[in-house]
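**Q** Dropping the structure in here first, questions after.
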Amino acid sequence: MKYDCIVIGGGASGVMAALSVRRHFPEYKILILEKEYQLLRKVLASGNGRCNLSNRNIKADNYFSLQAGKSSKQKFLQTAFNIFSYPDTVEFFCNLGIPLRLDQSDRAYPYSEQASSVVLTLTQALITAKIDVLLQAKVSSIKSADGFLSLAAEPCITVKQKQHFTYLTSAETYQCKKLIVACGSKAAENLGGTDSGYQLLAEYAAISELRPGLVPLNLLMDQKAKILVGQRFKGSAKLIDNNTLLAETSGEFLFVENGLSGIAAMELARFLPQADQANQNIIVELDFAPDYQLSEIEELLFNRQKILDKQKEDCSAVGIVKAKISDYLVQRAGSINNLTKLMKSTSFKVNGSKGFPAAQITAGGVCLSQIRMPSLALKSQPNIYLCGELIDIDGKTGGFNLQWAWTSGFIAGQLHDSI
Ligand SMILES: Cc1cc2nc3c(=O)[nH]c(=O)nc-3n(C[C@H](O)[C@H](O)[C@H](O)COP(=O)(O)OP(=O)(O)OC[C@H]3O[C@@H](n4cnc5c(N)ncnc54)[C@H](O)[C@@H]3O)c2cc1C
Numbered sequence: 000m001k002y003d004c005i006v007i008g009g010g011a012s013g014v015m016a017a018l019s020v021r022r023h024f025p026e027y028k029i030l031i032l033e034k035e036y037q038l039l040r041k042v043l044a045s046g047n048g049r050c051n052l053s054n055r056n057i058k059a060d061n062y063f064s065l066q067a068g069k070s071s072k073q074k075f076l077q078t079a080f081n082i083f084s085y086p087d088t089v090e091f092f093c094n095l096g097i098p099l100r101l102d103q104s105d106r107a108y109p110y111s112e113q114a115s116s117v118v119l120t121l122t123q124a125l126i127t128a129k130i131d132v133l134l135q136a137k138v139s140s141i142k143s144a145d146g147f148l149s150l151a152a153e154p155c156i157t158v159k160q161k162q163h164f165t166y167l168t169s170a171e172t173y174q175c176k177k178l179i180v181a182c183g184s185k186a187a188e189n190l191g192g193t194d195s196g197y198q199l200l201a202e203y204a205a206i207s208e209l210r211p212g213l214v215p216l217n218l219l220m221d222q223k224a225k226i227l228v229g230q231r232f233k234g235s236a237k238l239i240d241n242n243t244l245l246a247e248t249s250g251e252f253l254f255v256e257n258g259l260s261g262i263a264a265m266e267l268a269r270f271l272p273q274a275d276q277a278n279q280n281i282i283v284e285l286d287f288a289p290d291y292q293l294s295e296i297e298e299l300l301f302n303r304q305k306i307l308d309k310q311k312e313d314c315s316a317v318g319i320v321k322a323k324i325s326d327y328l329v330q331r332a333g334s335i336n337n338l339t340k341l342m343k344s345t346s347f348k349v350n351g352s353k354g355f356p357a358a359q360i361t362a363g364g365v366c367l368s369q370i371r372m373p374s375l376a377l378k379s380q381p382n383i384y385l386c387g388e389l390i391d392i393d394g395k396t397g398g399f400n401l402q403w404a405w406t407s408g409f410i411a412g413q414l415h416d417s418i
């Protein structure tokens with residue numbers, strides 16, 4: 000079966016790429032091959048079902064690359080965002096009948112605040128654009144011969160509810176002139192995450208180290224620390240490897256069973272060295288009251304003591320932190336002086352992260368040096384274009400990752416000749 004363009008992967012970037020191909024090449028025969036029983040599974044789960052699909056502050060500084068240096072990463076992203084950025088996303092979704100709504104942190108959501116409305120609308124857009132979609136079709140190889148790219152696809156066996164599309168029942172070969180690889184990353188296997196894209200491209204491009212990103216940290220928590228499980232706080236944290244500062248963050252944290260979650264904690268994970276590189280001395284240092292200096296905390300705790308019954312030797316930090324966090328800190332401190340210090344700096348040993356299954360994204364991917372800009376074509380294979388999380392670009396929380404999917408999908412779909 001021959002197509003002008005095939006897209007491997009029906010996630011955010013793949014769907015955008017297919018729609019972009021249709022916009023730029025109205026006559027093209029286009030096919031999306033998707034291994035899952037449904038398109039856009041991560042979009043459906045995004046933003047806790049509300050779909051934080053972009054952010055008003057799209058700029059290169061809000062993104063990272065594991066392998067590329069800072070200036071190459073900035074140049075790569077600036078080129079991309081000059082082509083398609085936040086205003087284009089607003090226009091794109093408005094044209095589909097989905098106005099966006101900003102929250103106080105400039106995160107953009109569909110006005111309905113329902114991820115399902117985004118999935119339904121994009122699905123309808125594919126049907127209207129006459130883009131063929133084949134579900135449960137896993138591509139297992141890409142070969143180049145006689146000016147065509149030839150893809151081997153195998154059926155996946157998990158038949159669940161199907162959308163409006165057909166699904167693959169037996170192994171098939173598909174050919175195309177132009178191929179867009181939009182296989183995403185290995186984060187969140189339960190939502191379709193896989194390392195399949197890296198494998199498909201291994202013979203065409205160098206892939207960087209891969210790390211789980213936006214994922215809770217594992218902490219070594221003793222019995223006394225169990226009281227913290229379920230407690231949320233707003234604070235700041237430093238990730239430190241043997242006295243070297245790896246990263247710092249601030250915002251919302253949540254203690255979980257043997258771990259630290261919450262948006263701010265999850266942003267630290269991508270900075271954890273791989274197990275074999277770590278010297279096993281990584282700690283996270285928490286500041287429960289970043290708006291106050293040590294001396295101010297001292298005074299606050301002293302004032303508190305004055306109004307309480309001194310006989311009980313009450314030393315507690317309730318009023319600044321939640322009662323259970325205060326109880327833990329008091330136990331650990333033993334004295335009011337130590338309590339003051341712990342309010343500003345309580346350390347836990349970090350034992351890696353909750354890993355790829357729990358991660359929202361993967362840091363690392365196809366190295367930027369392997370990709371032509373502004374086409375997003377592979378340098379080694381100019382008829383293969385890449386988009387989405389497969390590329391060694393990852394964003395902070397707040398809609399930056401989905402914006403990268405829309406931006407890179409749109410660009411790949413332009414199918415610029417880039418030799
Ligand atoms: C729980 C969760 C919540 C998130 N929330 C947000 C959020 O609120 N805001 C935000 O910006 N980002 C969020 N993200 C991240 C965001 O969803 C991803 O960055 C984005 O979906 C990546 O798009 P993609 O197209 O690159 O990959 P994906 O969406 O993963 O799509 C890749 C597709 O390719 C398919 N595929 C892979 N290999 C093959 C193959 N060999 N053959 C056929 N098909 C294949 C996969 O099944 C998948 O459907 C969240 C992620 C998760 C897991």
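For the sequence shown, numbering that gives the first Met the number 0 begins at 0 and goes up steadily by one. Positions of the beta carbon are idealized from the N, C-alpha and C atoms, including for glycine. Bear in mind that the values here come from a model prediction, so they are computed numbers and not experimental data.
Can you give me the C-alpha to C-alpha distance between M342 and A268, rounded to a whole angstrom?
**A** Stepping through the sequence shown from its first residue, residue 342 is reached at position 343. Stepping through the sequence shown from its first residue, residue 268 is reached at position 269. Spanning the two alpha carbons is a distance of roughly 23 angstroms.
**Q** Could you check which residue in A128, A44, G394 and L219 has the C-alpha nearest to that of Y27?
**A** The residue given as residue 27 occupies position 28 in the sequence shown. Of A128, A44, G394 and L219, the residue nearest in Cα terms is A128.
**Q** Can you tell me which of G397, E208 and G387 puts its alpha carbon nearest to the alpha carbon of C182?
**A** The residue given as residue 182 occupies position 183 in the sequence shown. Ranking the options by Cα distance to C182, first place goes to G387.
**Q** Could you check the C-alpha separation between R49 and Q304 for me, to the nearest Å?
**A** Stepping through the sequence shown from its first residue, residue 49 is reached at position 50. Stepping through the sequence shown from its first residue, residue 304 is reached at position 305. Cα to Cα, R49 sits roughly 44 angstroms from Q304.
**Q** F164: beta carbon under 8 angstroms from a heavy atom of ligand 1?
**A** Counting from one through the sequence shown, the residue named residue 164 turns up at place 165. Not so, every heavy atom of ligand 1 lies at least 8 angstroms from the Cβ.
**Q** Output needed for Q330: all residues of its chain with C-beta closer than 6 angstroms, excluding positions within five of it in sequence on either side, in chain order.
**A** Position 331 of the sequence shown holds residue 330. Closer than 6 angstroms at Cβ, skipping near neighbours: K223.
**Q** Count the other CB atoms within 10 Å of the CB of N217; is the residue buried (16 or more) or exposed (fewer)?
**A** Along the sequence shown, one-based indexing puts residue 217 at 218. Label assigned to N217: buried.
**Q** Let me know the secondary structure DSSP gives A114 once reduced to three states.
**A** As a working note, residue 114 is residue 115 in the sequence shown. Note: A114 maps to helix in three-state DSSP.
**Q** Tell me which residue opens and which closes the alpha helix (DSSP H) that F254 is part of.
**A** Translated into the one-based positions of the sequence shown, residue 254 becomes position 255. Not the alpha helix (DSSP H): F254 falls in the beta strand (DSSP E), residues T243 to V255.
**Q** Less than 7 angstroms between C-beta atoms, sequence neighbours within five positions excluded: which residues of the same chain meet that for N56?
**A** In the sequence shown, residue 56 corresponds to position 57, counting from 1. Cβ neighbours of N56 beyond the five flanking positions: D105.
**Q** Do I383 and L148 have their C-beta atoms within less than 9 angstroms of each other?
**A** Here residue 383 corresponds to residue number 384 of the sequence shown, with the count starting at 1. Here residue 148 corresponds to residue number 149 of the sequence shown, with the count starting at 1. Going by C-beta atoms, I383 is nearer than 9 angstroms to L148.
**Q** With hydrogens ignored, establish whether the beta-carbon of G192 is closer than 8 angstroms to any heavy atom of ligand 1.
**A** To locate residue 192, count along the sequence shown from 1; it is residue 193. Yes.
**Q** Hey, could you find the ends of the beta strand (DSSP E) S45 is sitting in?
**A** The residue labelled residue 45 in the question sits at position 46 within the sequence shown. That residue, S45, is in no beta strand (DSSP E); it is neither H nor E in DSSP.
**Q** Which parts of the region 319-402 are runs of the beta strand (DSSP E), unbroken and 3 residues or longer, counting only runs that do not cross its ends?
**A** Counting whole runs of 3 or more residues, the region 319-402 contains the beta strand (DSSP E) stretches 345-352, 360-362 and 383-385.
**Q** Tell me which same chain residues have a C-beta within less than 6 angstroms of the C-beta of Q66, skipping the five on either side of it?
**A** In the sequence shown, counting from the first residue as 1, residue 66 sits at position 67. Closer than 6 angstroms at the Cβ level, and outside the excluded window around Q66, lie S207, C366 and D391.
**Q** Please state the DSSP three-state secondary structure of Q174.
**A** As a first step, residue 174 is located in the sequence shown; it is residue number 175 there, counting from the start. Q174 falls in the strand class under three-state DSSP.
**Q** Are G196 and V180 closer than 9 angstroms when you measure CB to CB?
**A** What you label residue 196 is simply residue 197 of the sequence shown in a count that begins at 1. What you label residue 180 is simply residue 181 of the sequence shown in a count that begins at 1. In this structure, V180 lies closer than 9 angstroms to G196 by Cβ.
**Q** Between which two residues does the alpha helix (DSSP H) holding Y203 run?
**A** On the sequence shown, residue 203 is found 204 positions in, with the first residue counted as 1. Per DSSP, Y203 belongs to no alpha helix (DSSP H) and is neither H nor E.
**Q** Could you tell me if T361 is buried or exposed, where buried requires 16 or more neighbouring beta carbons within 10 angstroms of its beta carbon?
**A** Reading the sequence shown from its first residue, position 362 is the one you call residue 361. With 16 or more Cβ atoms within 10 Å of its Cβ, T361 is classed as buried.
**Q** Within 8 angstroms: the Cβ of Q113 and any heavy atom of ligand 1?
**A** Counting from 1 along the sequence shown, the entry for residue 113 is found at position 114. Outside the cutoff, so no.
**Q** Would you say the beta carbon of Q402 comes nearer than 8 angstroms to a heavy atom of ligand 1?
**A** Within the sequence shown, residue 402 is the residue found at index 403, counting from 1. Yes, the Cβ of Q402 comes within 8 angstroms of a heavy atom of ligand 1.
**Q** Nearest-angstrom Cα distance between F24 and D286?
**A** The count along the sequence shown starts at 1 and reaches residue 24 at position 25. The count along the sequence shown starts at 1 and reaches residue 286 at position 287. Near 54 angstroms, if we compare the C-alpha coordinates of D286 and F24.
**Q** Confirm, please, whether the CB-CB distance from N241 to N302 is below 9 angstroms.
**A** As a first step, residue 302 is located in the sequence shown; it is residue number 303 there, counting from the start. As a first step, residue 241 is located in the sequence shown; it is residue number 242 there, counting from the start. Not a contact, by the Cβ cut-off of 9 angstroms.
**Q** Relative to the C-alpha of S53, which residue among L377, Q413, L133 and A404 is closest?
**A** Position 54 of the sequence shown, counting from 1, holds the residue named residue 53. Comparing Cα-Cα distances from S53 to each of L377, Q413, L133 and A404, the minimum goes to A404.
**Q** Using the DSSP secondary-structure output, state which residues sit across from Y27 in a beta bridge.
**A** Position 28 of the sequence shown, counted from the first residue, corresponds to residue 27. DSSP output for Y27 lists no bridge partner at all.
**Q** Tell me, please, whether the region 69-80 touches the region 36-50 by the rule of three or more beta-carbon pairs shorter than 8 angstroms.
**A** Touching, no.
**Q** I'd like to check one pair, L199 with I7: are the Cβ atoms closer than 9 angstroms?
**A** Position 8 of the sequence shown holds residue 7. Position 200 of the sequence shown holds residue 199. Against a cut-off of 9 angstroms, the Cβ pair of L199 and I7 comes out as a contact.
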